[in-house]
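Visitor: Right, I'll just put the structure down here and ask away after.
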Amino acid sequence: MAGRYRVLGPLGRGSRGRVLEVEDLSSGGGRLALKVMEGGAPDVEAARREFLLLSELVHPHLTRVLDFGTLPDGRPWLAGELAEGPDLLGARLAPGPLRRVVAQVASALDALHARGYVHRDVKPAHVRVSGRPRAPVARLIDLDLAVREASARRSPASGTPLYVAPEVLLGEPVDRRSDVYSLGATLFHAVAGRPPFPGLHLAGLLRAHLDSRPPRLRDLVSGVAPDLDAAVARALAKEPSERQAS
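Put into structure tokens, the structure is as follows:
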């Protein structure tokens, strides 16, 4: 597949296609993650522009996009760094290491935002954790939905319903504060063991993001630090102007 790459096996499905683990035959066998874009007619030029934008991003807690191409049937693909380790929920981090990991993800998002991008799909499955239990290292993955902030304001709704911000659902302008909401929902899930609005069908879940106040962490988990409880509550504010600016 894709000339220089040999498929080793599936890694799962991402936001817009299936993800494969591949061996880069041109680099002596290095392993990468290769996403084949699926769904709808392939827009190769849009994918090419996306690759050129994303390949500029270099940060220790972001997986870098490295290569781009198309399959014989016209479907575009992106190849990037392979993030090792379980996702944020699977890592089962203690409170101290969890704070470290979330700070790393926040740093990655700040770097993304500083370059004018919005991630648009922050969630536990997109945070990979490696390293020792007391000194974990996080990588934020799946940047293929990331777009320039100006473009995100005109883009259709995107993201994962459990963690998506209200303004995204309403089709209103989307900016970095939408990622702040999703990061808050992700941290809520990691601390409480459940998302802010669990056990709802899709329509009920979407209404909850729009109209319902999520519970406070301190009411669900004993011993939650007051600053953590307050930070998550602020990140989950319905109005973007009431959330952290970064």
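For the sequence shown, the numbering used here gives the first residue as 299, with consecutive numbering after it. In this text, a Cβ means the ideal position worked out from N, Cα and C, and glycines have one as well.
In whole angstroms, give me the CA-to-CA distance for L498 and E540.
Guide: Taking the sequence shown and counting its residues from 1, the one referred to as residue 498 is at position 200. Taking the sequence shown and counting its residues from 1, the one referred to as residue 540 is at position 242. Whole-angstrom Cα-Cα distance: 26 Å.
Visitor: Only counting the same chain, and skipping five residues up and downstream in sequence, which positions put a Cβ closer than 8 Å to that of V425?
Guide: Start at 1 with the first residue of the sequence shown, and residue 425 comes out as number 127. For V425, where only same-chain residues beyond five positions count, the Cβ hits under 8 Å are D385, L386, V399, V403, A436, R437, L438, I439 and T484.
Visitor: With DSSP collapsed to three states, give me the class of T484.
Guide: What you label residue 484 is simply residue 186 of the sequence shown in a count that begins at 1. Of the three classes helix, strand and coil, the one that applies to T484 here is helix, per DSSP.
Visitor: Any chance the region 463-474 sits against the region 371-384, with 3 or more Cβ pairs inside 8 Å?
Guide: Touching, no, given that fewer than three Cβ pairs across the two stretches are closer than 8 Å.
Visitor: Report the option in V445, R418, L380 and R430 whose CA atom is closest to the CA atom of L391.
Guide: By one-based count along the sequence shown, residue 391 stands at place 93. When each option's Cα is compared against that of L391, the closest is R430.
Visitor: Quick one: complete alpha helix (DSSP H) runs, 4+ long, within the region 392-416?
Guide: 393-412
Visitor: Would you check if the distance between the CB atom of H487 and the CB atom of P422 is smaller than 7 Å?
Guide: One-based indexing of the sequence shown puts residue 487 at position 189. One-based indexing of the sequence shown puts residue 422 at position 124. In contact: H487 and P422 (Cβ atoms closer than 7 Å).
Visitor: Hey, D473 and H417: beta-carbon distance below 7 Å or not?
Guide: What you label residue 473 is simply residue 175 of the sequence shown in a count that begins at 1. What you label residue 417 is simply residue 119 of the sequence shown in a count that begins at 1. Contact flag unset, no.
Visitor: Rounded to whole angstroms, what's the CA-CA distance from R452 to V445? Just pull it up for me.
Guide: Translated into positions along the sequence shown, residue 452 becomes position 154. Translated into positions along the sequence shown, residue 445 becomes position 147. Below a pLDDT of 50, predicted positions are generally treated as unreliable, and R452, at 48, falls in that range; the measurement from the model is reported next regardless. Computed Cα separation, rounded: 10 Å.
Visitor: Are the beta-carbon atoms belonging to V420 and L481 less than 7 Å from one another?
Guide: Indexing the sequence shown from 1 puts residue 420 at position 122. Indexing the sequence shown from 1 puts residue 481 at position 183. Yes, the Cβ-Cβ distance between V420 and L481 is below 7 Å.
Visitor: How would you write the range of the alpha helix (DSSP H) that P524 sits in, first residue to last?
Guide: By one-based count along the sequence shown, residue 524 stands at place 226. P524 to A533 is the span of the alpha helix (DSSP H), which, as asked, contains P524.
Visitor: What did DSSP end up calling P464 once you bin it into helix, strand or coil?
Guide: The count along the sequence shown starts at 1 and reaches residue 464 at position 166. Helix, per DSSP.
Visitor: In terms of alpha-carbon separation, which member of L503, R302 and D527 lies closest to R516?
Guide: If you number the sequence shown from 1, residue 516 lands on position 218. Among L503, R302 and D527, the Cα nearest to that of R516 is on D527.
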